[in-house]
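Participant:
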Amino acid sequence: MKFHVVEKKKRKQEEFLKLCTDHISAAGSMKIFSFLLTLLFFAYSQTLADLNVDKKALLDFVAAVPHPRKLNWSSSTRICASWVGVTCNANNSRVIAVHLPGVGLYGAIPSNTLGKMDALIFLSLRSNHLNGTLPSDLMSLPSLRYIYLQHNNFSGSIPSSISSQLNLLDLSFNSFTGNIPATLQNLTHLMSLSLQNNFLTGSIPELNISGLNQLNLSYNHLNGSVPFSLQKFPPTSFQGNIVLCGPPLNRCSSLPAQSPSPSPAYSIVLPSVPLKTRAKKKLSRRSIIAIAVGGSATFLFLLLMIMMILYLRKNDNKANDQPKGKGGRNEKLKEDFGSGVQDAEKNKLVFFEGCSYNFDLEDLLRASAEVLGKGSYGTTYKAILEEGTAVVVKRLKEVMVGKREFEQQMEIVGRVSKHPNVLPLRAYYYCKDEKLLVYDYTTAGSFSSLLHGNREIGQTALDWENRVKICLGTARGIAHIHSEGGGKLIHGNIKSSNVLLTQELQACVSDFGLSTQMNYPTVPSRIVGYRAPEVIESRKFTQKSDVYSFGVLLLEMLTGKAPIPSSGHDDVVDLPRWVQSVVREEWTAEVFDVELMRYHNIEEEMVQMLQVAMACSSRVTDMRPTMDEVVKMIEEIRPSDSTETKATFSNAIDP
741 MKFHVVEKKK RKQEEFLKLC TDHISAAGSM KIFSFLLTLL FFAYSQTLAD LNVDKKALLD
801 FVAAVPHPRK LNWSSSTRIC ASWVGVTCNA NNSRVIAVHL PGVGLYGAIP SNTLGKMDAL
861 IFLSLRSNHL NGTLPSDLMS LPSLRYIYLQ HNNFSGSIPS SISSQLNLLD LSFNSFTGNI
921 PATLQNLTHL MSLSLQNNFL TGSIPELNIS GLNQLNLSYN HLNGSVPFSL QKFPPTSFQG
981 NIVLCGPPLN RCSSLPAQSP SPSPAYSIVL PSVPLKTRAK KKLSRRSIIA IAVGGSATFL
1041 FLLLMIMMIL YLRKNDNKAN DQPKGKGGRN EKLKEDFGSG VQDAEKNKLV FFEGCSYNFD
1101 LEDLLRASAE VLGKGSYGTT YKAILEEGTA VVVKRLKEVM VGKREFEQQM EIVGRVSKHP
1161 NVLPLRAYYY CKDEKLLVYD YTTAGSFSSL LHGNREIGQT ALDWENRVKI CLGTARGIAH
1221 IHSEGGGKLI HGNIKSSNVL LTQELQACVS DFGLSTQMNY PTVPSRIVGY RAPEVIESRK
1281 FTQKSDVYSF GVLLLEMLTG KAPIPSSGHD DVVDLPRWVQ SVVREEWTAE VFDVELMRYH
1341 NIEEEMVQML QVAMACSSRV TDMRPTMDEV VKMIEEIRPS DSTETKATFS NAIDP
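In our numbering, the protein residues as written are 741 to 1395.
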C-alpha cells in the first residue's frame, strides 16, 4: 500500500516536472521565433533602406544632369521593374547596373549621387556630353567592376583612388590631363584599360598586372620609354605619342637628355639633313632660261584653259535658256503625249475636293515638262504651268481596267492620301489611250536620290537622324494606308524612289493604289529587289508583302546598298540574304554604311533598326510584324520623336 502511494506521488512529481519543462520549452521557442521575426524584419527594412538609397542617388543624379531624352524615372514607380537603363540583383534589393549610353546627358556628374550606390557593379555613361572631373566617391566604389565613360568630355586628372576590384576601365575619347596614376598597378583584377585620345602626359607607370590583356594608350602626349611589363602589347596600343619610345615602338635614343624647352610640352625632331644640301646653290644660265620658258608655257596654258571654260559656260547658259524636256530638253506635254489625249475627252481633268489648283487639261498640256524618271508604272514628269506652278504628272502604262473601276480606285486613293506621310493625289484623267495622275511637286526629291545620289557626286551623305526620320515617316504612311478600307488596302510598290521628300525631309509615300490597276505577266526585274518571295511566285500583293518591301528599304538605309540596279551600277544585292549571311558570321558591324561610322553614339540604334529590318524581311510571312508594330518599334528606337528607348543590361563586357 505504501509502495503504491510512493509510486503515485512520484508520477505526480514527474508530471509536474514535465509540465514545467514543456512550459519553459514553449517559452523558449516563442523567444526564438520572435527573434527570427525580428531578424527578418530588420533584414527587410535594411533592404528597403538600401534600395531607397540607390533610388535617391539616381534621382539626385538625373535631376542635376540635363538630358533631352526623357527617362521614365519617378519616385512613384518601382525602380527594379520599370526604370530605363537600371538593373537590380536577383532579389531586387540593390541596383547593380546603370546603363545610359547615348541619351544626351549634359554637364558634370555631381558628388554624393552615383557614388552612394555601394552595390553598383556596372556603369555605362558612354557617348554622352558629360564634362568636368570624375567624382572620387564614384570611382572608388569597391563594388565597381566595369566602367564605360568613353566619348564624353571629361577633364582634369584621372582619380588615383579607383576600385581595386575593377575588371574594365574605358575613359577614352575625353579630355583628361595629367599623368596616368601609378595606383593603377594595384588593380590586380584589371583585364582591359582604354585611355586613348586624351591629353595625358608624363611617363607610363609600371603596370605588371597578369590579367591585363587589352591596353590602349594611343594618341596622348606620353613620353619616356614603354615599361617592360607592357612591351608585349602591339604598337597600336602606344601610337600617336610622338616622344614615346622603346619596344614595341622605335628604339630610344642614347644621346644625353638636354635641358627642357620652356614652351611646348613635346617637340617633333626633324631628321638630320647633310650640311652641304642646305647650302645655297647658284643656278646656271641654262637653268634660268629653262625656268623662264616653262613658266611662260604654263601661263599660256592656264590662260587658254580659262578661255575655254568661259566659252563652254556661255554656251551652257544659252542652252539653259531654252525649255528643257524629255532627255534633257524641255517640251510640251502635248507634244510628248501626241494623240493619246482624245479631243472629245479634253478638259475633263477630275480634281479632288480641297484641291487649290486652278487649271484644266489644256493648261496642263501646254505646260513645259521635264522627265523625272521612268518607273514600273509609267513615266513621271515635272510640269511647270504658265503661272509658274509646278506639279508632278504621272503617265500610266499597261492599265488593264475599265473607266468605272479606274475612277472608283482613284476616289479611294484621293481619300486615303489625305495624310501627312502619303503624297496627295490632286487630280486624274482617263481616256481609252491615256491615263494621267497629278500630284504635288516635292522639292527635295526622293529618298533614293538623297541616299545614293549624293555620294556619287561627292556630297555629304544623309545623316543618321534624318535617315531614321524619313523611315519613320514612311512607316507611318504605309501603316495609315493599311488601316484604311477596312484594313484591306495595300500599297504594292514600296521602294526608296517612291518615298518623296519635302524641304523639311518629311517622307511622303507615292504610287499608292496603282498595283491593282496594272497587269504584269511577270514581275519587272528592276523591282525584284524589293519584292517578297511570295509575290515573285504568285504575283499577288498583300499587306505582309508591303512589310517585306519596307524591310528591304530599311536595309538599304542601313547598308547604303541599292537592292536594284542603278545607272552605272549593274550589280544587284539581295539585301536580306546578304545581311543574314554577314550577321550569321558575327560580323554585324560590316553591314552598316561606312558613311554612318563617323557618328559615335548611334551603334545601339543601328543594331536595333537592323533587328526591325530583319524581322520585316523575314521569308516566313507570319513572322513579319504589322506596320503598326513597326512604327512603334522605330519610335522606341528614337525616343526623342515619341516614346522612350528601353536600355538593357545584357552583357557586362559589351556596354
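Cβ coordinates follow ideal geometry from the N, Cα and C atoms, glycine included. Note that the structure is predicted; figures quoted are calculated from it, not measured.
(1) By Cβ distance below 7 Å, which residues in the same chain neighbour G825 in space, the five residues on each side in sequence not counted?
(2) How big is the Cα-Cα spacing for V843 and N868?
(3) For the segment 799 to 869, list the alpha helix (DSSP H) runs that are entirely contained and at least 4 residues long, ordered along the chain.
(4) What would DSSP say about I1377, mapped onto helix, strand or coil?
(5) Taking just the CA atoms, how far does G1113 sit from Y1169?
(6) What's the C-alpha gap between A1215 and M1367?
(7) Roughly how many angstroms separate the alpha carbons of R866 and N892, rounded to a whole number?
(8) For the structure I just gave you, are there three or more beta carbon pairs, one from the segment 1235 to 1248 and one from the segment 1358 to 1377, closer than 8 Å?
(9) Using alpha carbons as the reference points, say which of F1290, R1359, N1098 lies closest to E1277.
(10) Helix, strand or coil: which one does DSSP assign to C1248?
(11) Identify, in the order they occur along the chain, each residue of the same chain with its Cβ nearer than 8 Å to the Cβ of V1331, setting aside the five sequence neighbours on each side.
(12) Secondary structure at F968, three-state DSSP: helix, strand or coil?
(13) Could you check the C-alpha separation between T1242 and Q890 for me, to the nearest Å?
(14) Roughly how many whole angstroms lie between the Cα atoms of A1130 and A1247?
(15) Touch check for the segment 907 to 926 and the segment 936 to 952: three-plus C-beta pairs under 8 Å?
(16) Among G1253, C1211, L863, G896, which has the Cα closest to the Cα of L1190?
(17) Please confirm whether P1273 and L1295 have their CB atoms less than 9 Å apart.
(18) Please classify T976 as buried or exposed, where buried requires at least 16 neighbouring CB atoms within 10 angstroms.
(19) Within 10 angstroms of the Cβ of F1039, are there 16 or more other Cβ atoms? Answer buried if so, exposed if not.
(20) Given this structure, state the Cα-to-Cα distance separating S814 from C820, to the nearest angstrom.
(21) Jot down the residue ranges of each uninterrupted beta strand (DSSP E) in the segment 1114 to 1166, minimum 3 residues, whole runs only, in chain order.
(22) Evaluate F894 with the Cβ neighbour count: other Cβ atoms within 10 Å of its Cβ, from every protein chain shown; 16 or more gives buried, anything less gives exposed.
(23) Give the range of the beta strand (DSSP E) segment to which D910 is assigned.
(24) Taking its Cβ as the centre, do 16 or more other Cβ atoms sit within 10 Å of N832, making it buried, or is it exposed?
(25) Which term fits R1378, buried or exposed, when burial requires 16 or more other beta carbons within 10 angstroms of its beta carbon?
(26) For F968, count the other beta carbons within 10 Å of its own beta carbon; 16 or more makes it buried, fewer makes it exposed. Which is it?
(27) Going by the DSSP bridge assignment, what does H961 pair with across the sheet?
(28) Quick check: the Cα distance between K1058 and A1184, rounded to an integer number of angstroms?
(29) Is the beta carbon of I849 sitting closer than 9 Å to the one on L874?
(30) Closer than 6 Å by C-beta to M1150: which residues in its own chain qualify, once you throw out the five before and the five after it? Chain order, please.
(31) At the level of alpha carbons, what is the spacing between L1363 and P899?
(32) With distances taken between CB atoms, is the gap from G896 to H929 smaller than 9 Å?
(33) In chain order, what residues of the same chain have a beta carbon less than 6 Å from the beta carbon of I902, not counting five sequence neighbours either side?
(34) Below 8 Å on the Cβ atoms is my contact criterion, and I expect A1353 with H1192 to pass it. Report the Cβ-Cβ distance as a whole number of Å.
Facilitator: Working from what's here:
(1) V838, H839, L840, A1387
(2) 6 Å
(3) 819 to 822
(4) helix
(5) 20 Å
(6) 7 Å
(7) 7 Å
(8) no
(9) R1359
(10) strand
(11) L1298, T1299, V1319, V1322, V1323, L1350
(12) helix
(13) 37 Å
(14) 19 Å
(15) yes
(16) C1211
(17) no
(18) exposed
(19) exposed
(20) 12 Å
(21) 1118 to 1124, 1130 to 1136
(22) buried
(23) 908 to 910
(24) exposed
(25) buried
(26) exposed
(27) T941
(28) Bear in mind that a pLDDT of 43 at K1058, under 50, signals an unreliable position, so the model cannot answer this.
(29) yes
(30) Y1168
(31) The identity of residue 1363 in the sequence shown is Met, whereas the question assumes Leu. For M1363 and P899, the distance between alpha carbons rounds to 51 Å.
(32) no
(33) M879
(34) That pair is no contact at about 17 Å.
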